[in-house]
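Asker: Questions regarding the structure given below will be posed in turn.
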């Protein structure tokens with residue numbers, strides 16, 4: 003866009019992702035690809051009833067220290083990400099009426115909560131929304147592989163897909179946080195991608211977009227700025 007085309011007071015969606023390993027079968031930018039697709043599709047839905055809706059360039063590097071043992075991972079860490087989000091928010095809110103981060107990577111949550119919480123105390127209309135599937139596997143498994151097969155099938159190598167650690171994430175978290183993903187999964191997968199399909203990915207992506215749109219339309223922000231669904235924080 004050219005600056006005269008940008009309408010003051012617009013809703014600005016900014017995808018936040020990561021550049022990290024996603025098993026041997028998915029590309030390093032999986033989280034960013036998914037978050038960007040969700041933000042763009044949500045903007046298309048909202049454009050008819052919400053006034054101007056813009057999607058900014060994705061924040062492609064996130065806080066991915068838990069994946070650092072895998073080559074290819076590039077993490078800027080929580081502190082740098084938090085400060086970047088704060089400065090982005092202060093700048094964008096000089097013309098955007100509302101700023102919402104559409105997040106595709108769980109490792110970004112600490113930075114998002116701190117940054118958005120601060121921006122809100124400064125009087126800015128800022129929030130964040132997760133790209134999540136209730137009950138889905140945690141990382142590079144059925145959900146993400148299916149969605150990527152729908153969005154970018156040429157970037158998925160199903161011949162290399164293999165099951166990883168299938169234990170519930172809550173059981174793995176203490177070890178994962180202290181020793182990293184590789185300590186609980188040699189191939190970097192938390193889930194099983196082998197039955198993933200593009201059709202399933204289309205349905206999963208649609209459900210994520212529906213949730214994001216609902217939160218944008220009706221969600222109330224909690225203390226950390228996370229927009230809830232159905233009017234809840």
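Numbering (my numbering), first residue to last: 3 to 235.
For glycine and all other residues, C-beta sits at the position ideal for the given N, C-alpha and C.
Every value quoted in this text rests on a predicted model; they were computed, and no experiment measured them.
1) Please report the distance separating the alpha-carbon of residue 123 from that of residue 190.
2) Just to confirm, are residue 96 and residue 18 a CB contact at a threshold of 9 Å?
3) With 16 as the cutoff for other CB atoms within 10 Å, does residue 139 come out buried or exposed?
4) Taking Cβ to Cβ, would you say residue 48 is nearer than 9 Å to residue 40?
5) Quick check on residue 210: does DSSP put it in helix, strand or coil?
6) Three-state secondary structure (DSSP) at residue 119?
7) Judging by CA-CA distance, which residue of 58, 204, 195 and 72 is the nearest neighbour of residue 163?
8) What are the residues that DSSP puts in a beta bridge with residue 18?
9) Once DSSP output is grouped into helix, strand and coil, what is the label at residue 27?
10) Can you tell which of 147, 142 and 133 has the C-alpha that lies nearest to the C-alpha of residue 42?
11) Tell whether a beta-carbon distance below 9 Å holds between residue 34 and residue 57.
12) Per DSSP, what kind of secondary structure is residue 168 in: helix, strand or coil?
13) Measure the alpha-carbon distance for residue 21 versus residue 150 and round it to whole angstroms.
Answerer: On the basis of the coordinates in this document:
1) 38 Å
2) no
3) buried
4) no
5) helix
6) helix
7) 195
8) 61 and 105
9) coil
10) 133
11) no
12) coil
13) 15 Å
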